[in-house]
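Trainee: Please see the structure below; I have some questions.
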DNA sequence: CGCGTTGTATATAGATACAACGCGGTGCTCTATT
């Protein structure tokens, strides 16, 4: 037994590494940049946690959600690893100061990309011995960075300020161009790249076309009734999430709940817990639900509205069947469904009016607080203001010959075009009934289909119809005993991360 | 990209025509107020 195995056992209580963990950890320890794409639940966190504990200095872990950071810190503390902290708005001013003044005492610091951009934080980090920069859920750089959370694009810059420590990017799903984007935005040089297949052979794939929204609803209710549970239904709006959860509750004896970003943190946490414990069997949600959730026994994922790109689809359908048991992905659509995602893309970007107004404000006074207040009082989207503000800065760094407005409008045009193309790719996948769906999904990830799945897709032919998949029937899901629930809880704790 | 709701004008006391508008997801953070 080598030192790594000893430490693995001593700190984390595992007697052996999972598949390529050791290799990854050795690369990280030797100071190489590493890009790792591997399924949720296969032990990604350990790939930075173990090196962080072994190396001199402090590891900085960038994480997208406060809840994820808190979970990770808590888990490590439970393992007896105490010199760990998170730095985010969850802390009081006093606590923040305390963490900043004691940085060298910590082995790992979890931080949001937004907090990482704060001047006092960057100043402290530039004088700290940073052992490693890990970016968890790194696809966020590409998926959120360009429009929604632009601080994701500035992690590379922060990395330079920290003295360019070794960098580790971790994600479960990233197509080749997203990988390229991540490597580029993090300034990674000749990284070790490890990518597992995204193929999930235990999940059968169907798309079902309906004539109207109403027919879609009837089909949804029918599917939910027949399929083994628990399961998830993805929808495009908060309102629809609530409506469909109600409809399901009214028509069958299964507990269903809505989940979306408009609910309070408490409600979201409660519903998530109930779902994890099988107390809620059906969850109707927007794309707010998913990240950081590792529930092994989800039997189906139904898309009532389809996502705007294939990667989101793969991420979402991939939440089914983590336990390896047979599971189903169904996408329901109608002819008119193409309208909604196009509207969403349009809505995501600032209008020309917003660009003009916000640029004018920035020209006269670019202190961000003032900008924000004026923009809000004008009724513009906060996200749009920050988008413009970000590309304003980029314009300044590039010393582009065009005016700020021209530059920003050019960015918008380019990004919109990109997003529309991704959407068209998704729609072509849906409507192409001549080619194996799995094969096409794998192609978008630069993979080729190795061996066809037994229950592949509606093009290849799924031998077992929906009706036969049903085993529990309308009898409902058996309630778990408290012993089983406790066991399930403990299992979750062990398998997380 | 389209749909349903609300607002306005017209012309006449209830109804119609048509324009304008809102609808719509993902989360961090800081600040002021209770």
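In our numbering, the protein residues as written are 132 to 628.
Cβ coordinates follow ideal geometry from the N, Cα and C atoms, glycine included.
Source: prediction; values computed, not measured.
#1: Determine the DSSP secondary structure at residue 490, reduced to helix, strand or coil.
#2: Pull up the CB-CB distance for residue 277 and residue 546, whole angstroms please, since I reckon it's below 8 Å.
#3: Quick one, which of 359, 340 and 178 has its alpha-carbon nearest residue 558's?
#4: Over what stretch of residues does the alpha helix (DSSP H) that includes residue 475 continue unbroken?
#5: Is it the case that the region 312 to 331 contacts the region 352 to 372, given that we only count it when at least three CB pairs across the two stretches are under 8 Å?
#6: Between 321, 136, 454 and 220, which lies nearest to residue 171 when the distance is taken from Cα to Cα?
#7: Find out if the Cβ-Cβ distance for the pair residue 390, residue 419 is shorter than 8 Å.
#8: Mind checking residue 221: buried by the 16 CB within 10 Å criterion, or exposed?
#9: Can you tell me whether DSSP reads residue 200 as helix, strand or coil?
#10: Mind pulling the beta strand (DSSP E) runs of 3 or more residues that sit fully within the region 287 to 357?
#11: Using CA atoms only, rank isn't needed, just tell me which of 233, 262 and 267 is closest to residue 252.
#12: Just to confirm the assignment, what range does the alpha helix (DSSP H) spanning residue 156 have?
#13: Tell me the rounded alpha-carbon separation between residue 275 and residue 168.
#14: Would you kindly report the start and end of the unbroken alpha helix (DSSP H) that includes residue 270?
#15: Nearest by alpha-carbon distance to residue 334: which of 451, 190 and 476 is it?
#16: Would you kindly report the start and end of the unbroken alpha helix (DSSP H) that includes residue 167?
#17: Tell me, to the nearest whole angstrom, how far the beta carbon of residue 556 is from that of residue 441; I am working on the premise that it is less than 8 Å.
#18: What first and last residue would you give for the beta strand (DSSP E) that runs through residue 362?
#19: Using the Cα positions of residue 155 and residue 181, report the straight-line distance between them to the nearest angstrom.
#20: Put residue 178 into one of helix, strand or coil per three-state DSSP.
#21: Could you tell me whether the Cβ atoms of residue 561 and residue 464 are closer together than 8 Å?
#22: Between the C-alpha atoms of residue 539 and residue 489, what's the straight-line distance to the nearest angstrom?
#23: In angstroms with no decimal places, state the Cα-to-Cα distance between residue 206 and residue 468.
#24: Please work out which residues of its chain come closer than 7 Å, Cβ to Cβ, to residue 410, disregarding the five sequence neighbours upstream and downstream, and give them in chain order.
#25: I need the straight-line Cα distance from residue 266 to residue 273, nearest angstrom please.
#26: Tell me whether residue 388 sits in a helix, a strand or coil according to DSSP, three-state version.
#27: In the DSSP assignment, the alpha helix (DSSP H) including residue 551 goes from what residue to what residue?
#28: Using 10 angstroms around the beta-carbon of residue 174, count the other beta-carbons present and answer buried if the total reaches 16, otherwise exposed.
#29: Cα separation between residue 342 and residue 283?
#30: So, residue 376 versus residue 417, is the Cβ gap smaller than 8 Å?
#31: With distances taken from CA atoms, which of 569, 584 and 586 is nearest residue 578?
#32: Out of 225, 192 and 369, state which residue places its alpha-carbon closest to the alpha-carbon of residue 300.
#33: DSSP state of residue 129, grouped into three classes?
#34: Does the contact criterion of 3 or more C-beta pairs under 8 Å hold for the region 256 to 264 versus the region 280 to 296?
#35: Please state the DSSP three-state secondary structure of residue 431.
#36: Would you please state the rounded distance, in angstroms, between the beta carbons of residue 215 and residue 247? I believe it to be under 8 Å.
Mentor: Reading off the structure:
#1: Locating residue 490 in the first chain gives position 359, where the first residue counts as 1. Of the three classes helix, strand and coil, the one that applies to residue 490 here is helix, per DSSP.
#2: If you number the first chain from 1, residue 277 lands on position 146. If you number the first chain from 1, residue 546 lands on position 415. The C-beta distance from residue 277 to residue 546 rounds to 6 Å, short enough to meet the 8 Å contact threshold.
#3: As a first step, residue 558 is located in the first chain; it is residue number 427 there, counting from the start. When only C-alpha atoms are compared, the closest one is 340.
#4: Position 344 of the first chain, counted from the start, is the residue given in the question as residue 475. Residues 470 to 479.
#5: no
#6: For the purposes of this step, residue 171 is taken as the residue at position 40 of the first chain. Taking each of 321, 136, 454 and 220 in turn and checking the Cα distance to residue 171, the smallest one comes out for 454.
#7: Within the first chain, the letter at position 259 stands for residue 390. Within the first chain, the letter at position 288 stands for residue 419. Yes, Cβ-Cβ distance for residue 390 and residue 419 is below 8 Å.
#8: Translated into positions along the first chain, residue 221 becomes position 90. Label assigned to residue 221: exposed.
#9: Position 69 of the first chain, counted from the start, is the residue given in the question as residue 200. Three-state DSSP puts residue 200 in a helix.
#10: 298 to 302, 323 to 326 and 334 to 340
#11: For the purposes of this step, residue 252 is taken as the residue at position 121 of the first chain. Of the candidates 233, 262 and 267, 233 places its Cα closest to the Cα of residue 252.
#12: The residue you call residue 156 lines up with position 25 of the first chain. Looking at the DSSP string, the run of the alpha helix (DSSP H) that includes residue 156 is 152 to 160.
#13: Taking the first chain and counting its residues from 1, one reaches residue 275 at position 144. Taking the first chain and counting its residues from 1, one reaches residue 168 at position 37. One C-alpha to the other measures close to 18 Å.
#14: Sequence index remark: in the first chain, residue 270 carries index 139 (1-based). First-last of the alpha helix (DSSP H) with residue 270: 270 to 274.
#15: The residue labelled residue 334 in the question sits at position 203 within the first chain. The candidate whose alpha carbon is nearest that of residue 334 is 451.
#16: On the first chain, position 36 is the one that residue 167 refers to. Not the alpha helix (DSSP H): residue 167 falls in the beta strand (DSSP E), residues 165 to 168.
#17: By one-based count along the first chain, residue 556 stands at place 425. By one-based count along the first chain, residue 441 stands at place 310. Right, the Cβ-Cβ distance comes to about 6 Å (below 8 Å), so this counts as a contact.
#18: Residue numbering aside, residue 362 sits at position 231 when the first chain is read from its first letter. Residue 362 -> beta strand (DSSP E) spans 362 to 365.
#19: To locate residue 155, count along the first chain from 1; it is residue 24. To locate residue 181, count along the first chain from 1; it is residue 50. For residue 155 and residue 181, the distance between alpha carbons rounds to 11 Å.
#20: For the purposes of this step, residue 178 is taken as residue 47 along the first chain, with counting starting at 1. Three-state result, residue 178: helix.
#21: For the purposes of this step, residue 561 is taken as the residue at position 430 of the first chain. For the purposes of this step, residue 464 is taken as the residue at position 333 of the first chain. Taking C-beta atoms as the reference points, residue 561 and residue 464 count as a pair closer than 8 Å.
#22: Taking the first residue of the first chain as position 1, residue 539 is located at position 408. Taking the first residue of the first chain as position 1, residue 489 is located at position 358. Approximately 11 Å between the Cα atoms of the pair.
#23: Reading the first chain from its first residue, position 75 is the one you call residue 206. Reading the first chain from its first residue, position 337 is the one you call residue 468. Straight-line Cα distance between these residues: approximately 42 Å.
#24: Your numbering for residue 410 matches position 279 in the first chain. Result list for residue 410: 386, in chain order.
#25: What you label residue 266 is simply residue 135 of the first chain in a count that begins at 1. What you label residue 273 is simply residue 142 of the first chain in a count that begins at 1. Rounded to the nearest angstrom, the gap between the Cα atoms of residue 266 and residue 273 is 12 Å.
#26: Position 257 of the first chain, counting from 1, holds the residue named residue 388. Strand at residue 388.
#27: Counting from one through the first chain, the residue named residue 551 turns up at place 420. It spans 535 to 562 - the alpha helix (DSSP H) in which residue 551 sits, taken as one unbroken run.
#28: Taking the first residue of the first chain as 1, we reach residue 174 at position 43. With 16 or more other Cβ atoms within 10 Å, it is buried.
#29: For this step, residue 342 is matched to residue 211 along the first chain. For this step, residue 283 is matched to residue 152 along the first chain. In a straight line, the C-alpha of residue 342 is about 41 Å away from that of residue 283.
#30: Numbered from 1 along the first chain, position 245 holds the residue referred to as residue 376. Numbered from 1 along the first chain, position 286 holds the residue referred to as residue 417. Contact: no.
#31: On the first chain, residue 578 is found 447 positions in, with the first residue counted as 1. Considering only 569, 584 and 586, the residue with the shortest C-alpha distance to residue 578 is 569.
#32: As a position in the first chain, residue 300 is number 169, starting the count at 1. If we check each option's Cα against that of residue 300, 192 comes out closest.
#33: Look at the range of the chain in this structure, 132 to 628, and you will see that residue 129 is not part of it.
#34: Yes, they touch.
#35: Here residue 431 corresponds to residue number 300 of the first chain, with the count starting at 1. Correct three-state label for residue 431: strand.
#36: Within the first chain, residue 215 is the residue found at index 84, counting from 1. Within the first chain, residue 247 is the residue found at index 116, counting from 1. With 8 Å as the limit, residue 215 and residue 247 do not qualify as a contact, their Cβ atoms being about 17 Å apart.
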